[in-house]
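Only one structure is covered here, and it is reproduced in the block below.
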Amino acid sequence: MKLTIPVIALSLICGSSGLHAATSLLPISLPSFTDNILTYNDGAAYAPLYPASNQTLGGVPFKFESDASGNNIFLGGTLSAPVTASLNIPINLPSITSAYALINTIGGSPGIDSGSIKFEGTNGAIHEVDLIVGTHVRDHFFGAFGNTTTSPDTTESVFGTNAFGSAHYDMLKFDLPASFQGETLNNIVFTSDGPGLGGKAFLAALTVAQTTSSGVPEPTFGISLLGLGAALALSRRRRDRLQQD
0 MKLTIPVIAL SLICGSSGLH AATSLLPISL PSFTDNILTY NDGAAYAPLY
50 PASNQTLGGV PFKFESDASG NNIFLGGTLS APVTASLNIP INLPSITSAY
100 ALINTIGGSP GIDSGSIKFE GTNGAIHEVD LIVGTHVRDH FFGAFGNTTT
150 SPDTTESVFG TNAFGSAHYD MLKFDLPASF QGETLNNIVF TSDGPGLGGK
200 AFLAALTVAQ TTSSGVPEPT FGISLLGLGA ALALSRRRRD RLQQD
């Protein structure tokens, strides 16, 4: 006699484990520039970036621009007349989780505070990082000044060559603390400080990471076992009857 085994259908159950998070990297235009990096040591190395271009460095897109005078970085004063100067960069975007900046110094001895970067959000959210030579930042030119960094948030030489006698841009990543969750990032304030060749930070480009929910539920899968025990029991009874016959 023919033994018939019931086919058990396993169904997939689709549920929601939360909304899918998507992260976008948004290059930001700097509102003003004060100096031309092409005029500094090995400045010709930066020529492929200017007068204007969009480049991806270290996996991050950046926007490079120049003003009518050919200036393309923000630096406080000059080497002969250093001043402390701040650049207020309007952002006004919600759900910013981190920022990437191309920041180096002109000169710089280890331990010097060369400037800072401050993030200002709604409801008083503030996050500020001092830019210490040898920790977060170093000279853009590999020469007689500080040539190394120790912070894990600094990626050296995303543009240029990390070798003696060569210029380069380094990328710094800044993760915003929990106080910025659900808030709008209003401004980023970059301050260039430091005593001339003792180390003055400059900003070349800036990109922010915005993480938002797509509104599409992420599926979760499970196996419906309803009726599995009953089906197995039915199969066993049929088998027993066949053996008795």
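In this text, residue positions in the sequence shown follow numbering that gives the first Met the number 0: the first is 0, and each later residue adds one.
By construction, the Cβ of each residue, glycine as well, lies at the ideal position given by its N, Cα and C atoms.
{"Asked": "Measure the C-alpha to C-alpha separation of Asp34 and Ile95 and round it to an integer number of angstroms.", "Found": "29 Å"}
{"Asked": "Tell me the rounded alpha-carbon separation between Phe289 and Ala203.", "Found": "An answer regarding residue 289 cannot be provided, because it is not within the stretch 0 to 244 covered by the chain."}
{"Asked": "Check each candidate in Thr77, Pro50, Gly120 and name the one with the smallest Cα separation from Ala177.", "Found": "Gly120"}
{"Asked": "Pick out whichever of Glu155, Thr134, Leu175, Gly133 has its Cα sitting closest to the Cα of Ser167.", "Found": "Looking at the sequence provided, one finds His at residue 167 rather than Ser. Among Glu155, Thr134, Leu175, Gly133, the Cα nearest to that of His167 belongs to Glu155."}
{"Asked": "List the residues that DSSP assigns as beta-bridge partners of Phe168.", "Found": "It should be pointed out that residue 168 corresponds to Tyr in this sequence rather than to Phe. According to DSSP, which records beta bridges pairwise, Tyr168 is partnered with Phe158."}
{"Asked": "Can you give me the start and stop residues for the beta strand (DSSP E) that His126 sits inside?", "Found": "125-131"}
{"Asked": "From the DSSP output, in three-state form, read off Ser178 for me.", "Found": "helix"}
{"Asked": "Taking Tyr99 as part of the beta strand (DSSP E), name the residues at either end of that continuous run.", "Found": "95-105"}
{"Asked": "So is Gly69 buried or exposed if we call it buried at 16+ other beta carbons inside 10 Å?", "Found": "exposed"}
{"Asked": "Assign Ile111 to one of three DSSP states: helix, strand, or coil.", "Found": "coil"}
{"Asked": "His126 to Asn161, Cα distance in whole Å?", "Found": "30 Å"}
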